[in-house]
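full-length UniProt numbering applies: residue 1 is where the sequence shown begins, and numbers increase by one. Quick reminder that beta carbons are idealized off the backbone N, C-alpha and C, glycines included. First comes the structure, then the notes that go with it.
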Amino acid sequence: MAPYDENWFYTRAASTTRHLYLQGGAVVSSMTKIYWGHQRNGVMPSHFSQGSKIVARRVLQALERLKIYFYEGNDISDLPVNLSVVWNGNFIIDNPQNIQAHLYKCSALRESCGLCLKADPRFECGWCVSEKRCSLRQHCPLSESSWMHASNGNSRCADPKILKLFPETGPRQGGTRLTIIGENLGLKFEDVRMGVRVGKVMCIPIESEYISAEQIVCEIGEASPSKIQDAPVEVCVRDCSPSYKAIAPKSFTFVAPTFSQVIPSRGPLSGGTWISIRGRHLNAGSNITIPGSSAILIHINRAVLSSADVTYYYTEDPTIQKIEPEWSIRSGGTLLTVTGTNLATIKAPRIRAKYGTAEKENNCTVYNDTIMVCYAPSIDNPVKSPSELGDRPDEIGFIMDNVQALLIINRTNFIYYPDPVIIYSASFLQVLETNVLLEHRSWSYYINTPCALTVSETQLLCESPNLTGQHKVTIKAGGFEFSPGTLLIYSDNLLTLPAIIGIGGGGGLLLLIIIIVLIAYKRKSRDADRTLKRLQLQMDNLESRVALECKEAFAELQTDIHELTNDLDGAGIPFLDYCTYAMRVLFPGIEDHPVLKEMEVQANVEKSLTLFGQLLNKKHFLLTFIRTLEAQRSFSMRDRGNVASLIMTALQGEMEYATGVLKQLLSDLIEKNLESKNHPKLLLRRTESVAEKMLTNWFTFLLYKFLKECAGEPLFMLYCAIKQQMEKGPIDAITGEARYSLSEDKLIRQQIDYKMLTLNCVNPENENAPEIPVKVLNCDTITQVKEKLLDAVYKGVPYSQRPKAGDMDLGEQLLLV
C-alpha cells in the first residue's frame with residue numbers, strides 16, 4: 001500500500017489505482033454508503049458497518065479492504081469520478097470542495113513505450129521491457145532490471161517507428177516543414193534535436209511543435225541538384241544505433257514544381273478573384289504563397305516559381321449602369337437584367353440586398369462584358385415587411401470579388417413589394433393586394449398541375465386539366481411559392497351501362513371482321529402461292545421448250561444461211577443502174593420524166609434556159625429563189641419535192657456548190673425550228689421543206705457507189721435472211737403478224753400447230769428443167785405458197801422482172817410429194 005498523508009489516500013486493486021480524496025478529520029456515521037459516479041454499470045455503492053463515529057481515514061481503510069469497485073476496458077486511460085458518502089440510507093454528506101476520485105489504468109491507450117513514460121508521474125506507470133507493455137512496477141517480472149520509468153534521468157525508448165509523413169514532396173530549395181508522426185520518437189526535444197535527416201539533408205526540428213514521443217516537425221535544408229530525387233527519412237533518438245533509429249516506409253521526394261496556366265487570366269484592379277493555377281508538383285512543400293503582382297510568382301517554401309508564358313491581366317473594375325426591372329417581391333427570385341461594363345471579368349458575381357435585419361444574396365450569370373442576369377434576393381424579415389406601395393431596401397449592391405464600390409449602389413430606385421396574397425377556392429384562385437399585378441404585368445405564374453392558366457388583375461383561373469386523381473397544386477411567382485393543397489380531379493363523363501355494352505359489342509364485331517379478313521387474306525395468299533408455283537412451272541417448261549427450239553433453229557439457220565450465200569454467189573445481187581436508182585428517189589412513180597430526154601425548144605427559150613442555169617449557179621440568187629417559193633402559200637408539198645429534185649439534178653455536176661447551198665438552207669431551217677420552239681426530234685423527220693428533200697437527194701447521189709460496193713450486199717443478205725426466217729413459221733396474211741417476227745407488236749401470240757410440207761416446183765418457162773424443192777406450211781394461204789414458189793424459181797431475177805403472184809395459178813403440173 002502506498003504511503004498517505006493527512007489529505008490524500010492512495011489505494012490499488014487489480015492493476016487499477018483509485019484516488020479517494022477526503023479532508024482530514026471528516027467523520028462518517030454508521031451504515032455509510034460511498035458512491036462514485038460515471039461508472040459503466042451506474043452508481044456503485046460501498047457498504048460497511050463501524051462504530052457510531054469513526055475517523056474518515058478508517059472508513060477508507062475499510063473500503064480498501066472490501067474492494068467493491070471495478071474498472072474495466074482499454075478505451076479510457078484515466079478518469080476522474082464524483083464521490084458521495086451516504087449514511088442511514090438517505091442522507092448524503094455535503095462535499096463543498098467537490099472532491100473526486102481519480103481512476104486510471106496504465107495499459108489503457110498506452111501501447112508504446114513513449115506513451116507509457118509520458119503518463120502523469122503520479123500514476124507511477126512504467127514500461128515493462130520484458131513484456132513490452134505499460135504497467136505498475138509490482139506487475140512487471142524482473143522489475144529491477146526490465147521496468148523503466150520516466151523518473152530515471154536517462155530513460156529512452158527503443159525501436160522508434162515512423163508511421164506517417166506530411167508532406168511527402170517538397171522543392172529542392174528547402175524550407176519545407178516536414179511533419180513526422182510515429183512512436184517512441186524521444187521523450188525530450190533534446191533526444192531528437194540533431195537526429196532527423198532526409199537523405200543527406202539535415203532537417204532541423206522545431207521545438208515549439210514537438211510532441212513528446214509522437215510528433216516531430218522539422219524544416220528541411222536545401223538539397224543540391226545532384227541529390228537523388230527520392231530520399232529516405234531517418235530519425236535517430238540521441239544516437240543512430242540500430243535500436244534507436246527509425247526509417248520511414250515512404251521516401252520523401254524532392255521535386256521541381258512548375259506552373260503553365262492560370263484560370264481566369266484576368267480580374268479587376270480591386271482584386272479578390274479566385275484563380276486556379278495548373279502545373280506540376282504544386283502540392284509539394286508545406287507552405288504556398290502568391291505575392292500580389294501582375295507577374296505571377298509562387299513561393300513554395302524557399303522555392304520561387306515563375307513562368308514567362310503565364311500572365312494575369314488586371315482590368316478596370318466593373319461598373320453597374322442599369323437594373324431592369326427595378327422591382328421585386330419580398331420572396332425575391334424575379335429575373336433582373338443588369339447592364340454595365342467589364343462584367344465578364346467576374347466569374348461568380350452575386351447580388352445582395354439588406355432590409356432591416358435581413359441580408360440575403362443570390363446568384364448572377366454573366367453573358368458578356370455588358371450584360372448579366374441575376375435573381376433578386378429575398379428580404380424575408382420577420383420584424384419588418386414592405387408596405388403595399390413598396391419600399392426601397394436599406395442596401396442593394398453586388399459582390400464582385402473585392403470590388404468595394406459595388407457593394408452598395410445608392411443611385412438605383414429598386415423597390416420591394418409584398419408577396420401576393422392568394423385565396424384558394426375549388427374552382428378559382430383569387431389574388432388580393434394587387435398593386436404588383438396592376439403595375440407590372442410581366443409576372444408569370446406556373447402551376448405544377450398541367451392546366452390552361454388565365455391571369456387577370458385579381459384572379460388566376462385554372463381550368464381543370466384532362467387528368468384524374470389527386471395532384472398537388474403549386475403557384476410560383478419568382479421566389480414566392482404557394483401550395484393550396486391537393487386537387488382531386490374526376491371525370492364527369494362516365495360511361496353508362498348501355499354505352500359500355502354498345503362499345504363491347506362494337507369491339508367484338510370489329511374483332512370478328514378482322515378475323516374474317518385475316519382468314520380471307522390467308523386463303524388468297526395460299527391461292528396466290530399456288531398460282532405462282534403453277535406459273536413458275538409453266539415458265540420452266542416454256543424455257544426448256546424455247547431453249548430446244550432455239551437450238552434446232554440455230555442449226556437450221558446455219559444451213560439456210562449457207563444455202564442463201566451459195567444462191568447469191570451464183571446469181572448475184574440485182575443492183576439497179578445509177579439512172580434508175582436516182583430517178584426512183586428524185587421522181588418516184590414517174591417512169592418517163594422529161595429530164596431523161598432531149599427537149600426541142602425555140603432559140604429564145606434555149607437562151608432563157610441558159611441564162612436561168614447561170615443564175616442557179618449564183619448562191620445568193622438560188623437561196624432567194626428557194627425562200628421566195630417557200631414563202632408562197634400555194635407552194636405545196638409535191639411542189640417542194642419537185643423543185644428540190646430539179647435543183648439537185650441541175651447541180652449534179654457541181655456537188656461542192658450544191659453542198660454549200662444545202663448547208664445554208666439547213667442552217668436556216670434549224671434556226672427557224674428553234675424560233676418556233678418546235679420539238680427538235682421532228683426536224684428532218686418529214687420532208688416538209690426544199691432543204692429536207694435536197695438533203696435526201698444529196699445522200700442519194702453520194703451513197704450509190706458505197707451501197708453498190710460495200711453496204712448493198714450485206715443489207716440484201718440481211719433482208720433475205722430475215723424473210724427466210726420469218727417464212728419458217730406462220731404469217732397472218734391479213735395483219736402481217738408472224739411467229740418469228742422481229743417486232744413485238746407484230747408477234748403472233750396464239751399457239752398454232754403447223755407442219756412443214758415440201759413441194760416440187762416445175763419452172764413454167766422451162767418444163768424440162770429439174771424440179772425445185774420448196775418448203776411451205778400447211779397453214780399458208782394460196783398466195784403465200786405461190787410467193788414462196790416464185791422466190792425459189794426466180795432466185796437471181798430482180799423483183800421488178802418477176803411475174804406477180806396474182807398473175808400465176810397453181811397448175812396440174814405442180815405435184816405434192
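- When the beta-carbon positions are compared, residue 370 and residue 253 stay at least 8 angstroms from each other.
- Between the region 632-645 and the region 688-699 there are three or more inter-stretch CB-CB distances shorter than 8 angstroms, so the stretches are counted as touching.
- Closest option to residue 190, judged by alpha-carbon separation, among 200, 580 and 155: 155.
- Rounded to whole angstroms, the separation of the alpha carbons of residue 412 and residue 167 is 52 angstroms.
- In the three-state DSSP reduction, residue 248 falls in the coil class, being neither helix nor strand.
- Each of 588, 387 and 114 was checked against the Cα of residue 132, and the nearest Cα belongs to 114.
- Leaving aside the five residues that flank residue 529 on each side, none in its chain has a CB nearer than 8 angstroms to its CB.
- Using a Cβ-Cβ distance cut-off of 8 angstroms, the region 702-709 and the region 573-590 are in contact, since at least three pairs of beta carbons, one from each stretch, lie closer than that value.
- Taking C-beta separations shorter than 6 angstroms and ignoring five residues to either side along the sequence, the partners of residue 786 in its chain run 805 and 808, following chain order.
- Fewer than three pairs of CB atoms, one per stretch, sit closer than 8 angstroms, so the region 306-326 makes no contact with the region 468-480.
- In the DSSP assignment, residue 350 falls within the unbroken beta strand (DSSP E) covering 350-355.
- Secondary structure remark: continuous beta strand (DSSP E) runs of at least 3 residues inside the UniProt domain "IPT/TIG" (159-255), in chain order: 161-166, 169-171, 177-185, 196-198, 201-205, 213-220, 233-236, 245-247 and 252-255.
- The Cβ neighbour count for residue 124, taken over all protein chains shown within 10 Å, is at least 16; the residue is labelled buried.
- Pairwise C-beta distances place the region 205-222 in contact with the region 178-193, as three or more of them are shorter than 8 angstroms.
- Pairwise C-beta distances place the region 328-346 in contact with the region 367-381, as three or more of them are shorter than 8 angstroms.
- By the beta-carbon neighbour count (other beta carbons within 10 angstroms, threshold 16), residue 620 is exposed.
- Residue 174 holds the alpha-carbon nearest to the alpha-carbon of residue 257 among 174, 336 and 245.
- C-alpha of residue 110 to C-alpha of residue 152: approximately 19 angstroms in a straight line.
- In this structure, residue 248 places its C-beta atom within 8 angstroms of the C-beta atom of residue 165.
- A check of alpha carbon separations from residue 748 across 476, 733, 79 and 343 identifies 733 as the nearest.
- Taking C-beta separations shorter than 7 angstroms and ignoring five residues to either side along the sequence, the partners of residue 792 in its chain run 761, 772 and 774, following chain order.
- Straight across, the Cα-Cα distance linking residue 555 with residue 710 is about 28 angstroms.
- Taking a cut-off of 8 angstroms on C-beta distances, the region 312-321 touches the region 394-406, as three or more cross pairs fall below it.
- Residue 240 is classed as exposed because its beta carbon has fewer than 16 other beta carbons within 10 Å across all chains shown.
- Put simply, the backbone Cα of residue 76 is about 15 angstroms away from that of residue 112.
- Residue 462 is classed as buried because its beta carbon has at least 16 other beta carbons within 10 Å across all chains shown.
- For residue 580, no beta strand (DSSP E) run applies; the uninterrupted alpha helix (DSSP H) run containing it begins and ends at 578-586, by DSSP.
- The region 671-737 is shown to contain whole alpha helix (DSSP H) runs of 4 or more residues at 690-706 and 712-726, in chain order.
- The beta carbons of residue 341 and residue 266 sit no closer together than 8 angstroms.
- When the beta-carbon positions are compared, residue 737 and residue 728 stay at least 8 angstroms from each other.
- Under the DSSP assignment, residue 607 falls in the alpha helix (DSSP H) whose first and last residues are 603-616.
- Short of 8 angstroms from the beta carbon of residue 118, and not among the five residues preceding or following it, lie these beta carbons of its own chain, in chain order: 150, 187, 212 and 213.
- Counting the other Cβ atoms within 10 Å of the Cβ of residue 281 gives 16 or more, which makes it buried.
- Minimum Cα-Cα distance from residue 372 among the listed residues 789, 350 and 757 corresponds to 350.
- DSSP lists 472 as the bridge partner or partners of residue 486.
- Straight across, the Cα-Cα distance linking residue 275 with residue 310 is about 13 angstroms.
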